[in-house]
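Undergrad: Sharing a structure below in structure tokens format, with a few things to ask.
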Amino acid sequence: MPSWPNSNETSDNDDEYMREFSSMQMEYFQTPDTVIDPSFCGLVTESDRRCILHRQSAGKFVAFEGTDTGRRFIGCATEDGVNCGVLEWVDAPRPVILQRCLSKLWDMYHEQNLGRAQDNEAHGIEVAKLQKELDSLANQYSQLVDDVSKLFDYQDGIKSHDMDCTSQAINELKEKKKQLEDQAKIELQMEKLKLKKEQRCILQSQADIIQNTRKAMKELEVEKDLLKEEKKKLENVIAELLKVGHGCKEKLDKIKEVVMEE
Numbered sequence: 001m002p003s004w005p006n007s008n009e010t011s012d013n014d015d016e017y018m019r020e021f022s023s024m025q026m027e028y029f030q031t032p033d034t035v036i037d038p039s040f041c042g043l044v045t046e047s048d049r050r051c052i053l054h055r056q057s058a059g060k061f062v063a064f065e066g067t068d069t070g071r072r073f074i075g076c077a078t079e080d081g082v083n084c085g086v087l088e089w090v091d092a093p094r095p096v097i098l099q100r101c102l103s104k105l106w107d108m109y110h111e112q113n114l115g116r117a118q119d120n121e122a123h124g125i126e127v128a129k130l131q132k133e134l135d136s137l138a139n140q141y142s143q144l145v146d147d148v149s150k151l152f153d154y155q156d157g158i159k160s161h162d163m164d165c166t167s168q169a170i171n172e173l174k175e176k177k178k179q180l181e182d183q184a185k186i187e188l189q190m191e192k193l194k195l196k197k198e199q200r201c202i203l204q205s206q207a208d209i210i211q212n213t214r215k216a217m218k219e220l221e222v223e224k225d226l227l228k229e230e231k232k233k234l235e236n237v238i239a240e241l242l243k244v245g246h247g248c249k250e251k252l253d254k255i256k257e258v259v260m261e262e
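Spelled out as structure tokens, the structure:
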């Protein structure tokens with residue numbers, strides 16, 4: 001765990017801290033994601049200790065990642081403080097059972113996000129394909145318009161029937177282009193609606209994780225209270241047994257004295 005030197009220490013102590021900092025393994029220098037908790041936030045004002053890397057005051061954070069979800073810790077308050085790692089854990093590690101539950105919940109969360117990302121990628125490919133077809137049709141339409149214009153210039157005396165056929169072909173192409181454009185707009189609108197729905201699902205998943213974590217912590221507290229009650233009962237039983245044992249010993253001693261006197 002990185003050290004926190006006092007701001008009034010000498011330069012020799014600073015060199016010692018820097019040597020200690022250089023010898024640390026890089027696995028410690030990764031701050032977990034955090035969640036806002038109004039009851040534990042802001043800068044640490046109780047002491048004048050500062051981050052070794054940035055010489056800035058420490059901040060209060062609550063972890064929101066992996067088996068450490070919900071644990072409070074002290075970390076660097078700078079924007080790039082993610083590379084400073086967790087400087088000090090305020091709460092003790094979670095019980096093993098709760099860690100397994102948190103790990104399972106986060107695995108399910110990441111698995112769902114991966115599935116949504118794959119679906120979004122597939123939808124993106126389909127939309128790109130439709131857009132490419134739409135561009136190709138627009139190019140064909142433009143080329144046809146140019147060809148028709150040249151044809152009008154070259155054959156000014158074409159029969160009205162042929163002109164009608166050409167106009168009909170142009171109108172059909174315009175109608176087809178309009179249909180494809182409308183279809184592409186609908187596809188894009190549906191894609192936006194799907195993305196909004198997925199975002200709501202992600203936010204709901206995060207809320208469920210927080211709620212389940214709090215519920216598991218409350219259950220652990222209840223079990224802890226029950227164990228305390230059982231311990232008190234056991235201590236009372238042992239005390240009663242010890243009292244009974246002492247009383248029997250005194251009676252035996254008196255009987256022994258009577259026998260010896262006789």
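Quick note, the sequence shown lines up with residues 1 to 262 if you use UniProt numbering.
Glycine residues also receive a C-beta, built at the ideal position from the N, C-alpha and C atoms.
When the Cα of SER205 is compared with those of THR78, VAL62, GLU111, LEU43, which residue comes out closest?
TA: Here the closest residue by C-alpha is GLU111.
Undergrad: What three-state label does DSSP hand TYR28 in the structure shown?
TA: Note that TYR28 scores 46 on pLDDT, short of 50, meaning its location in the model is unreliable and no value can be drawn from it.
Undergrad: Please state the DSSP three-state secondary structure of LEU98.
TA: LEU98: helix per DSSP, three-state reduction.
Undergrad: When the distance is taken between beta carbons, is PHE64 closer than 9 Å to PHE73?
TA: No, these two residues do not count as a Cβ contact at 9 Å.
Undergrad: Kindly give me the distance between the Cβ atoms of PRO32 and ASP68, rounded to whole angstroms, as I take these residues to be in contact under 8 Å.
TA: With 8 Å as the limit, PRO32 and ASP68 qualify as a contact, their Cβ atoms being about 6 Å apart.
Undergrad: Short check: CB of VAL127 to CB of ALA184, under 9 Å?
TA: Closer than 9 Å, so yes.
Undergrad: Report back the beta-carbon spacing between ASN113 and ILE202 to the nearest angstrom; my notes put them in contact at under 8 Å.
TA: Indeed, because the Cβ distance is near 7 Å, the residues count as touching under 8 Å.
Undergrad: So GLN56 and THR78 are supposed to be a Cβ contact under 8 Å. How far apart are they, rounded?
TA: About 5 Å; that satisfies the 8 Å criterion.
Undergrad: Could you spell out where the beta strand (DSSP E) holding ARG72 opens and where it closes?
TA: Counting along the chain, the beta strand (DSSP E) containing ARG72 begins and ends at 72-76.
Undergrad: What does the Cβ neighbour count give for GLN25, buried or exposed, with the cut at 16 atoms within 10 Å?
TA: Unreliable placement is indicated for GLN25, whose pLDDT of 39 sits below 50; no coordinate value is reported for it.
Undergrad: Within this structure, are the beta carbons of LEU188 and PRO95 separated by less than 9 Å?
TA: No.
Undergrad: Quick one, which of HIS123, ILE170, LEU130, GLY66 has its alpha-carbon nearest LEU102's?
TA: Comparing Cα positions, the closest option is GLY66.
Undergrad: Just to confirm my understanding: we take LYS177, look at its own chain, exclude 5 residues before and 5 after, and list those with CB closer than 6 Å. What are they?
TA: Within the same chain, LYS177 has close Cβ partners LEU137, TYR141.
Undergrad: With DSSP run on the structure shown, which of helix, strand or coil describes GLY59?
TA: Of the three classes helix, strand and coil, the one that applies to GLY59 here is strand, per DSSP.
Undergrad: Considering only residues of the same chain and omitting the five flanking positions on each side of ALA216, which have a CB-CB separation below 7 Å?
TA: Here the set comprises LEU98, CYS101.
Undergrad: Taking buried to mean at least 16 other C-beta atoms within 10 Å of its own C-beta, is ILE255 buried or exposed?
TA: ILE255 comes out exposed.
Undergrad: Are GLY70 and CYS84 closer than 9 Å when you measure CB to CB?
TA: Going by C-beta atoms, GLY70 is not nearer than 9 Å to CYS84.
Undergrad: What is the C-beta distance between LEU134 and LEU180, in whole angstroms, given that I count them as a contact (C-beta under 8 Å)?
TA: Their Cβ separation, rounded to whole angstroms, is 5 Å, which keeps LEU134 and LEU180 in contact under 8 Å.
Undergrad: Could you tell me which residues DSSP puts in a beta bridge with GLU88?
TA: GLU88 is bridged to ILE74.
Undergrad: Classify residue 333 as helix, strand or coil using the three-state DSSP reduction.
TA: Because the chain here runs from 1 to 262, residue 333 falls outside it and cannot be looked at.
Undergrad: Could you tell me which whole alpha helix (DSSP H) segments of length 4 or greater appear in the region 147-208?
TA: If we require 4 residues or more, the region 147-208 turns out to have no alpha helix (DSSP H) run fully inside it.
Undergrad: Closer than 7 Å by C-beta to residue 269: which residues in its own chain qualify, once you throw out the five before and the five after it? Chain order, please.
TA: An answer regarding residue 269 cannot be provided, because it is not within the stretch 1 to 262 covered by the chain.
Undergrad: What residues are listed by DSSP as bridge partners for THR34?
TA: Paired residues: ALA63.
Undergrad: With distance defined between alpha-carbon atoms, name the residue in ILE186, LYS192, ASN139 nearest to LYS174.
TA: For the residues ILE186, LYS192, ASN139, the minimum Cα distance to LYS174 belongs to ASN139.
Undergrad: Straight-line CA distance for SER167 to SER149?
TA: Computed Cα separation, rounded: 11 Å.
Undergrad: Going straight from the alpha carbon of ILE170 to that of LYS132, what length do you get?
TA: In a straight line, the C-alpha of ILE170 is about 21 Å away from that of LYS132.
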